[in-house]
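Numbering (the numbering used here), first residue to last: 6 to 272.
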C-alpha cells in the first residue's frame, strides 16, 4: 500500500508571509490559460485578439476565486456561513468549489462579452477548452495538501494509498489523481482537439460540461464525501447532485448546436 508523500504545503516563506503550493498551482493554471489562449487567438475565426486576453484573464481570475469561494460556502455549508458571513472572506481557511468557480467564470465571460461587444457563447467556446488545465493544477494542489482523499478500498488495489490527514491509515483511493487524469488530461485532450475546427456555436461548451459532469459524477463514487454532508438523497453525494445540471446543460447545448445547424442547412 502506498503512503501519501506528506508534502509540506508551504513552498517557501518570506518573513511572516508563507507561499503555499496550492496557491502556486492556481498561478500556474492561470499562466497556462494565458499561453494557450494566445495560441488560439492565432485563428482569426475565433473572434478574439491577443489584446483581449488580459481583460479576459483578469475577469476570469476574479470569477474563479470569488465564485469558487461563494460556491463552497453556500453550496456545501450554507447553514454555517449564513450565520457567520464574516467567515466567507476567510479564504486562508480553505474551501473552494469547482461548481461555484464555473458560475463565477460564466459571470466573468458575460461581463467581458458585454463590455467588449462580443458574443457570450462564442467567448465561452473560446475559453472552455482551457478550463481543464486549471482543473488539473487545482487537483495537483489538493493532492499536495493531502485533502479530498478517496473512499476506503482494498489494500491490494494497485493505487491504494493511506492519507494520514484523514485521521487513519486505511487504504484509500487517491481520487485527486483520478480527477487530474479525467477532468484534467482527458477532458483537455477531448475539448482542445474537438474545438480545433469550427463547430456549431455552443457545442465546445456543451462537450466540456457533459465531459466534466460525467467524469466528476463517476469519481464521486470513489471520493470520500465531505464529513459534514455525507451521502445525500437517493444515495448521491452533494457533488453528484451539483453535477447533474451540468450534464443536462451540456446535452442541451450540443443538441441545440447540431440540430440548429441542420435546420439552417435544410432551409
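We put the CB at the ideal spot given by N, CA and C, even for glycine. Being a predicted model, the structure only gives us computed values, none of them experimental.
{"Item": "Can you tell me the Cβ-Cβ gap for residue 9 and residue 165, rounded? I've got them flagged as a contact below 8 Å.", "Value": "Rounded, the Cβ-Cβ distance is 11 Å, inconsistent with contact."}
{"Item": "For residue 272, is the classification buried or exposed, using 16 other Cβ atoms within 10 angstroms of its Cβ as the cut-off for buried?", "Value": "The predicted model places residue 272 with a pLDDT of 45, which falls under 50 and marks its position as unreliable, so this point remains unresolved."}
{"Item": "Nearest-angstrom Cα distance between residue 160 and residue 51?", "Value": "49 Å"}
{"Item": "Could you give the distance in angstroms between the alpha-carbon of residue 209 and the alpha-carbon of residue 259?", "Value": "8 Å"}
{"Item": "Count the other CB atoms within 10 Å of the CB of residue 136; is the residue buried (16 or more) or exposed (fewer)?", "Value": "buried"}
{"Item": "Quick one: any contact between the stretch 181-189 and the stretch 132-149, if contact means 3 or more CB pairs under 8 Å?", "Value": "yes"}
{"Item": "Is DSSP giving residue 200 helix, strand or coil here?", "Value": "coil"}
{"Item": "Taking 8 Å as the threshold, find out whether the stretch 145-155 comes into contact with the stretch 66-81 through three or more Cβ pairs.", "Value": "no"}
{"Item": "Let's see if you can read the secondary structure: which residues bound the beta strand (DSSP E) around residue 25?", "Value": "22-25"}
{"Item": "Considering only the beta carbon of each residue, do residue 37 and residue 29 sit closer than 8 Å?", "Value": "no"}
{"Item": "Below 8 Å between beta carbons: does that hold for residue 133 and residue 213?", "Value": "yes"}
{"Item": "Given this structure, state the Cα-to-Cα distance separating residue 58 from residue 175, to the nearest angstrom.", "Value": "46 Å"}
{"Item": "Could you give the distance in angstroms between the alpha-carbon of residue 251 and the alpha-carbon of residue 20?", "Value": "43 Å"}
{"Item": "With respect to the beta strand (DSSP E) encompassing residue 224, which residues constitute its N-terminal and C-terminal limits?", "Value": "From DSSP, residue 224 is part of no beta strand (DSSP E) but of the alpha helix (DSSP H) over 208-224."}
{"Item": "How far does the alpha helix (DSSP H) with residue 15 in it extend, from its first residue to its last?", "Value": "That residue, residue 15, is in no alpha helix (DSSP H); its beta strand (DSSP E) goes 15-19."}
{"Item": "Within this structure, are the beta carbons of residue 11 and residue 99 separated by less than 8 Å?", "Value": "no"}
{"Item": "Pairs of beta-carbons, one from the stretch 213-227 and one from the stretch 72-82, closer than 8 Å: are there three or more?", "Value": "no"}
{"Item": "Verify whether the separation of the beta carbon atoms of residue 72 and residue 109 is less than 8 Å.", "Value": "yes"}
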